[in-house]
Structures are given as C-alpha cells and as structure tokens.
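Q: Take this structure first; my questions come after.
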Amino acid sequence: SPQALSAVRNTQLEAEARALYSSSLPYHNFDHIQDTLESAEKVVERCREEHIRIDAEVVYFALLFHDAGYQDDHLARGFATKERYSAALAEPILRRHGVSQAQLDKTVAAILATERDAVCVSAEQKAVRAADLSGLAADYPRFLHSSMCLKREHE
5 SPQALSAVRN
15 TQLEAEARAL
25 YSSSLPYHNF
35 DHIQDTLESA
45 EKVVERCREE
55 HIRIDAEVVY
65 FALLFHDAGY
75 QDDHLARGFA
85 TKERYSAALA
95 EPILRRHGVS
105 QAQLDKTVAA
115 ILATERDAVC
125 VSAEQKAVRA
135 ADLSGLAADY
145 PRFLHSSMCL
155 KREHE
C-alpha cells in the first residue's frame, strides 16, 4: 500500500538538506520546507483516499530540496534557474543515501515542477507544486505572512 509522507521522513537527510538553506532569507528558508512538508502530508493522504498512485518518497525528497541553495547566485554557478541548481545540490546527497537512479530522476522532475512556467505531468510533480504554493493559497493570516516574507526577501 502507498506510504504516508511521515513514514518516509529521515532525520539525517533533513539535517543535510537544512544546511543548504539560509535562515537570513525571510521566505525561502527551512521553515518554508517544513510548511510544504506539512501541506504535502495532506495531499499524499488525499491521493491515497482517492486511490491515486503517488510516491510519497519522491514528494518528500523533492520538497526537502526544492529551494536548496536559494540564497546563492545560480547563474554564476552555471544554472539557468534556481530550481535546476537546487536539483543539482540534491542529487549527490540523495545518491549517498542510496536513492536509486529512477527515484532520483522522478525527484529532479518534481523539483523542476516548481519552476514558474513548469507543466506538471505526474502526481508527484502536481503534489510538490501544490505544496510549494500552499502558503500563498492558505487562510488569510498564513497568506499574509508568506506574502510579507516574500516581499521582504525580494527587496
């Protein structure tokens, strides 16, 4: 049976991911990652209820790393988008944790699904994009908080 997101969480992996985020960013910090994981837990659960096949592990890996290195200049490092840079940061870490090439490919595709103009195909890509945007589609207090943080970060 499909797994819950909470069942695939890994403390060591989360510590390694956390190190790639900057707490100096008001929005794209590790708190945002925790929020997206919380949101994805509900999405994955909903998919299971509706008998939609979804790989909770791919969703988890992708969300954990989808904004990794956000504070860095991705263009200077040779990446067209922040998301491609994040995916490149994720790959060696996930590989070291024994993640298969097939899982890795799906994870990278799900990270790239958070690009502004991305077209989502798989359930995992849709879940990751939905969870990433959840802070902007939440109740008003959370929306306001997210918006203010994004504004501060942009400035």
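Numbering (my numbering), first residue to last: 5 to 159.
Using N, Cα and C, we set each Cβ at its ideal position, and we do this for glycine too.
Let me know the secondary structure DSSP gives Val112 once reduced to three states.
A: If DSSP states are grouped into helix, strand and coil, Val112 belongs with the helices.
Q: Can the beta-carbon of Val62 be found closer than 9 Å to that of Gln105?
A: For Val62 and Gln105, no; Cβs fall outside 9 Å.
Q: Thinking C-beta only, is Glu18 closer than 9 Å to Leu68?
A: Taking 9 Å as the Cβ cut-off, Leu68 and Glu18 qualify as a contacting pair.
Q: Tell me, to the nearest whole angstrom, how far the beta carbon of Leu116 is from that of Glu87; I am working on the premise that it is less than 8 Å.
A: Leu116 to Glu87, Cβ: 5 Å. Contact.
Q: Using 8 Å as the cut-off, can you tell me whether the region 69-86 makes contact with the region 17-33, which would need three or more C-beta pairs spanning the two stretches below that distance?
A: They touch, by the three-pair rule.
Q: For Cys153, collect the residues of the same chain with a Cβ closer than 6 Å to its Cβ; drop the 5 residues on either side in sequence, then sort them by chain order.
A: Cβ neighbours of Cys153 beyond the five flanking positions: Pro30, Tyr31.
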